[in-house]
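Under the working numbering, the first residue of the sequence shown is numbered -1, with each subsequent residue one higher.
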Amino acid sequence: MKMHEYRALKAISSGEVRMIAEGKTPAHVLARRTHSIEPNAAMILGTTVHSIVLHQPDDIVVVEHDGRTKEGKAERARAAEEKPHAQVVNSEMYAKAMDIAESVRAHPLMKDILQDAEYEVVFTEKSSKNGVPIKARADIVSGGSLFDLKTTSDASFNGFMRSIRYGGYHIQAAHYVKAAGESCDFGFIAVETEFPYMVQVFLMGPAVMRGALMTWKGCIAPLVEAETTGIWKGYSDEMVVLDQNNASELI
């Protein structure tokens, strides 16, 4: 299933649950559903690497210019018209993405992971007894495990742990496992975006996954309520008092 088709599915995504974990509200989530974010260079590179590793060449359109000149803008306009849902990327970034993808494939663990793997597999499930649906789109399904490919500036243990905490990747893992039926493992394939494009593979252990599922349950609850009631709450209507209980770092 292509990304634009997946986004059209009416169900709660992991990105929406992570927004709640970051302190945003259901109102923010509702707004995000109708107002897409313009991708930055890092996001475009990540999308391109994904398309190459996951054998989705039709998801990319390579152009020669960067879009700042008249010729470049015209070239990108033609590309967008021919393939409206594809990622337009200049040739320099595409070449870099190819090198990153090759580094991913060359990792010793990737031969087994990619052998007989399925790519971009969509799962849908009910979040709870009230029937609110959730959705997930796994990059790689291999041998009963789900893997998500992450481009990052730092794939070291400490560096990627920071990325997990900052990006809520553990909550994403819990969401995907719930959508897939909870009978699978979940791992991250982290690849650095600067030469020499080092790769490290991480697997969510049982204790970490149990903790992630507990956090996920708390974060998805406001969205389930919003979907059920049709009321997408924002921030509090009351004055928020900062004291030793909620703002101890200021004391």
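By construction, the Cβ of each residue, glycine as well, lies at the ideal position given by its N, Cα and C atoms.
What span of residues does the beta strand (DSSP E) with residue i cover, start to end?
| i | result |
| --- | --- |
| Ile58 | Ile58 to Val61 |
| Gln198 | Val197 to Leu201 |
| Asn88 | Gln85 to Asn88 |
| Ile187 | Asp183 to Glu190 |
Mind checking which residues open and close the alpha helix (DSSP H) that includes residue i?
| i | result |
| --- | --- |
| Thr45 | Ala39 to Val51 |
| Lys133 | Not the alpha helix (DSSP H): Lys133 falls in the beta strand (DSSP E), residues Pro131 to Ser140. |
| Asp110 | Met108 to Leu112 |
| Lys8 | Taken as a continuous stretch (DSSP letters only), Lys8 belongs to no alpha helix (DSSP H), as it is neither H nor E. |
| Ala218 | Here residue 218 is Ile; the residue named in the question, Ala, does not match the sequence. Where Ile218 is concerned, the enclosing alpha helix (DSSP H) stretches over Pro204 to Thr227. |
| Ala153 | First-last for Ala153: undefined, no H or E at that position. |
| His26 | Pro24 to Thr32 |
With DSSP collapsed to three states, give me the class of residue i.
| i | result |
| --- | --- |
| Lys124 | strand |
| Lys148 | strand |
| Tyr174 | helix |
| Ile18 | helix |
| Val119 | strand |
| Ser143 | strand |
| Ile169 | helix |
| Lys68 | helix |
| Lys94 | helix |
| Glu73 | helix |
| Val239 | coil |
| Pro55 | helix |
Check whether the Cβ atoms of residue i and residue j lie closer than 8 Å to each other.
| i | j | result |
| --- | --- | --- |
| Val189 | Ser101 | yes |
| Glu118 | Ile132 | no |
| Val175 | Phe184 | yes |
| Asn88 | Glu116 | no |
| Val15 | Cys217 | yes |
| Ala210 | Ala171 | yes |
| Ile169 | Trp214 | yes |
| Met41 | Arg30 | no |
| Val120 | Glu225 | no |
| Ala134 | His173 | yes |
| Cys251 | Ser143 | Outside the displayed range of the chain (-1 to 249) lies residue 251, so it cannot be described from this structure. |
| Phe186 | Tyr164 | no |
| Thr191 | Leu52 | no |
| Val199 | Leu112 | no |
| Thr46 | Met91 | yes |
| Ile50 | Ala104 | no |
Please report the Cβ distance between residue i and residue j, rounded to the nearest whole angstrom; I am assuming they are in contact, meaning their Cβ atoms lie under 8 Å.
| i | j | result |
| --- | --- | --- |
| His48 | Leu147 | 6 Å |
| Thr32 | Lys231 | Actually they are not in contact, since the Cβ atoms of Thr32 and Lys231 sit about 17 Å apart, beyond 8 Å. |
Looking at the ligand GTP, does it come within less than 7 Å of residue i, judged from the CB to the closest heavy atom?
| i | result |
| --- | --- |
| Asp241 | This structure does not include the ligand GTP; it has no bound ligands of any sort. |
Assess, as a yes-or-no matter, whether the segment 153 to 163 is touched by the segment 134 to 144 under the definition of 3 or more beta carbon pairs within less than 8 Å.
no
Indicate whether the contact test is met: 3 or more Cβ pairs, each with one atom in the segment 88 to 103 and one in the segment 55 to 65, closer than 8 Å.
yes
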